[in-house]
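Chains as they are written, first to last, in the numbering used here: chain X, 353 to 598; chain W, 48 to 254.
All residues carry an ideal CB built from backbone N, CA and C; glycine is no exception.
Model, not experiment: these values are computed from the prediction.
So the structure is just underneath, and the comments pick up after that.
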Amino acid sequence: MKQAHCIYQDEEHRWLAIARDASKPGYIIDTNEYVVVHGEEALLCDPGGIEIFPAVFSALSAECDPTRLAGIFASHQDPDIISSLALWLEFKPDLKCYTSWLWQSFLPHFGGQDSTFVPIPDPGMTIRLDGLELQAIPAHYLHSSGNFHLYDPKAKILFSGDVGAALLPADNNDLYVQDFSRHIRHAEGFHKRWMGSDRAKRDWCERVSRLEIDMLVPQHGAIYQGADVQRFINWFAALEVGVLRS
Amino acid sequence: MNAPEPNLHGIAPRTGELARIVRVNEEIKAIVATAFRINLMALNAIFLAKRAGNAALGFGVLSNELRRFAQDLTRHMASLREMTSGSVGSVTGVVQQQRMATILAAALKLSGDGVPGAREARRRGAARLAEQQIRLRSLDLRLRAAVEETQQLVELGGVLARSAKIEAAYGGSFSAALMQVSTDFAEVIAQIKRSLEVLGKERLVKD
Numbered sequence: 353m354k355q356a357h358c359i360y361q362d363e364e365h366r367w368l369a370i371a372r373d374a375s376k377p378g379y380i381i382d383t384n385e386y387v388v389v390h391g392e393e394a395l396l397c398d399p400g401g402i403e404i405f406p407a408v409f410s411a412l413s414a415e416c417d418p419t420r421l422a423g424i425f426a427s428h429q430d431p432d433i434i435s436s437l438a439l440w441l442e443f444k445p446d447l448k449c450y451t452s453w454l455w456q457s458f459l460p461h462f463g464g465q466d467s468t469f470v471p472i473p474d475p476g477m478t479i480r481l482d483g484l485e486l487q488a489i490p491a492h493y494l495h496s497s498g499n500f501h502l503y504d505p506k507a508k509i510l511f512s513g514d515v516g517a518a519l520l521p522a523d524n525n526d527l528y529v530q531d532f533s534r535h536i537r538h539a540e541g542f543h544k545r546w547m548g549s550d551r552a553k554r555d556w557c558e559r560v561s562r563l564e565i566d567m568l569v570p571q572h573g574a575i576y577q578g579a580d581v582q583r584f585i586n587w588f589a590a591l592e593v594g595v596l597r598s
Numbered sequence: 048m049n050a051p052e053p054n055l056h057g058i059a060p061r062t063g064e065l066a067r068i069v070r071v072n073e074e075i076k077a078i079v080a081t082a083f084r085i086n087l088m089a090l091n092a093i094f095l096a097k098r099a100g101n102a103a104l105g106f107g108v109l110s111n112e113l114r115r116f117a118q119d120l121t122r123h124m125a126s127l128r129e130m131t132s133g134s135v136g137s138v139t140g141v142v143q144q145q146r147m148a149t150i151l152a153a154a155l156k157l158s159g160d161g162v163p164g165a166r167e168a169r170r171r172g173a174a175r176l177a178e179q180q181i182r183l184r185s186l187d188l189r190l191r192a193a194v195e196e197t198q199q200l201v202e203l204g205g206v207l208a209r210s211a212k213i214e215a216a217y218g219g220s221f222s223a224a225l226m227q228v229s230t231d232f233a234e235v236i237a238q239i240k241r242s243l244e245v246l247g248k249e250r251l252v253k254d
């Protein structure tokens, strides 16, 4: 059963990780959802698929008033990212969904109407959450052609979508990366196959290296913190991507 | 936790409704094809009556009427088809709404009592579902009324086919050929009647 873990708190500013669901069916890829709470508003990052909605909703409700949800940030268009959109809108019809302009006319197939979507332009944009400024950072072609990550300069957390993802064994439910060298083996195949552009990868690594990041929180697998963040960026920069077989 | 089962429960009866729409649509398609056949048969009958001359004047009039009947029937079936394609949209809406309501209910149940906004969300969902069900019932009523109207039209077609059989008896040397044509008419109309009976029994929603 999914649970929300508070991974950052500074007064009314919190990050919740709804991560590592050991009890979900094996045929569904495990996903992490993150909630940024600031003051009276909350933003849900990559809310996940339809099948896990009850588990995500109840985990979120246990830690945060769900009526405070002001928006959803969809890093890209995949079903494990955002196919639950209609259900979140069923609960709160005025939710805004921030996503790449590229998917503005695709995501309504999952739910929502024109007024639901806030298209993020290619260079990115600022997303305001009750006075807090979050940055939608371009991560195009990593892996989706219209892809964004979300940076919180106050908490120094980067939500990195599929970048940093690791397909961990079922018995590994660590919230944080414990041993980088062991962990990264579970990330290698994923990054080689899912990340299609070496040029986009290098550009992302350069830009992200300039940010102050205490935690890099991916949509699959464990969270990188402290020195493991830069370790990951360096590892990713050196990795050959766009490879059909390793 | 296994995959949330409750969402599957809400869907099962509605997939039955989609299957019913498919059956209705198939019957309509069969009738449309038969109506097209009657149209061609009536055209041939008109030519045959012309060749038979004065002996088949009455048969010629009836053939014209049968052709008009085939055209009216085609129009009726086109409007029935329009209704069923509209009902696909309504049934899909109900299916989606039920699925969402069931998954949301499972989520609220998991979250325990007193989740803020839960009551409003349930009320909104129930209202939307009720609205879509009303729309579907009204479509069902319209469809039934249209089928009944078409059945009356086909009764008239049956009368025309029987009269054509009588007129064929007066067709002199063409009598056998005219009789064959009128028998074909009667058979095809009987086939349409059977299809309409099946259609009349189908319901888009359970009573």
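Nearest Cα to A579 of chain X within the set X:G573, X:R551 and X:S533: X:S533.
Collapsing the DSSP output to three states places R115 of chain W in a helix.
With respect to S452 of chain X, N499 of chain X sits close: the two C-beta atoms are nearer than 8 Å.
Straight through space, the alpha carbons of L454 of chain X and G401 of chain X are spaced by roughly 20 Å. A distance below 8 Å separates the beta carbons of H543 of chain X and F588 of chain X. Following the DSSP letters along the chain, one finds A369 of chain X inside the beta strand (DSSP E) bounded by residues H365 to A371.
DSSP, reduced to helix, strand and coil, places G164 of chain W outside both helices and strands of the structure shown, so it counts as coil. The beta-bridge partner set that DSSP reports for Y386 of chain X consists of X:A369 and X:C397. Just so you know, the alpha carbons of G463 of chain X and F405 of chain X end up roughly 14 Å apart. By the neighbour-count criterion, in which a residue is buried when 16 or more other Cβ atoms sit within 10 angstroms of its Cβ, G159 of chain W is exposed.
Straight across, the Cα-Cα distance linking K508 of chain X with I575 of chain X is about 13 Å. Shown here, L481 of chain X sits in a strand according to DSSP, grouped into three states. Closest in alpha carbon position to V69 of chain W, among W:R182, W:L127 and W:A174, is W:L127. In this structure, V581 of chain X and F511 of chain X do not form a Cβ contact; the two beta carbons are roughly 13 Å apart against a cut-off of 8 Å. Residue environment analysis places Y379 of chain X among the exposed positions, since fewer than 16 neighbouring C-beta atoms fall within 10 angstroms of its C-beta. A contact between stretches requires three or more CB pairs, one per stretch, nearer than 8 Å, and the stretch 238-246 of chain W meets this requirement with the stretch 67-83 of chain W. Between A517 of chain X and the set X:P505, X:Y386, X:T478 and X:E540, the nearest pair of CA atoms involves X:E540. In the DSSP assignment, I424 of chain X forms a beta bridge with X:L396 and X:C449.
Taking a beta-carbon distance threshold of 8 Å, A224 of chain W does not count as an interface residue toward chain X. Taking a C-beta cut-off of 7 Å against chain X, the contacting residues of the stretch 139-154 of chain W are M147, I150, L151, A153 and A154, listed in chain order. Only those residues of the stretch 418-449 of chain X whose C-beta falls short of 8 Å from the nearest C-beta of chain W are listed: P418, T419, A438, L439, E442, F443, K444 and P445. Between L243 of chain W and the set W:R98, W:A117, W:N111 and W:V71, the nearest pair of CA atoms involves W:V71. Cβ-Cβ separation between L481 of chain X and E393 of chain X: approximately 5 Å, consistent with a contact (criterion under 8 Å). Interface annotation, A369 of chain X: not in contact with chain W, CB-CB separation never under 8 Å.
A buried status is given to I489 of chain X, since no fewer than 16 other beta-carbon atoms sit within 10 Å of its beta-carbon.
A straight line joining the alpha-carbon of V201 of chain W with that of R114 of chain W spans about 13 Å. DSSP places F584 of chain X inside the alpha helix (DSSP H), whose first and last residues are A579 to A590.
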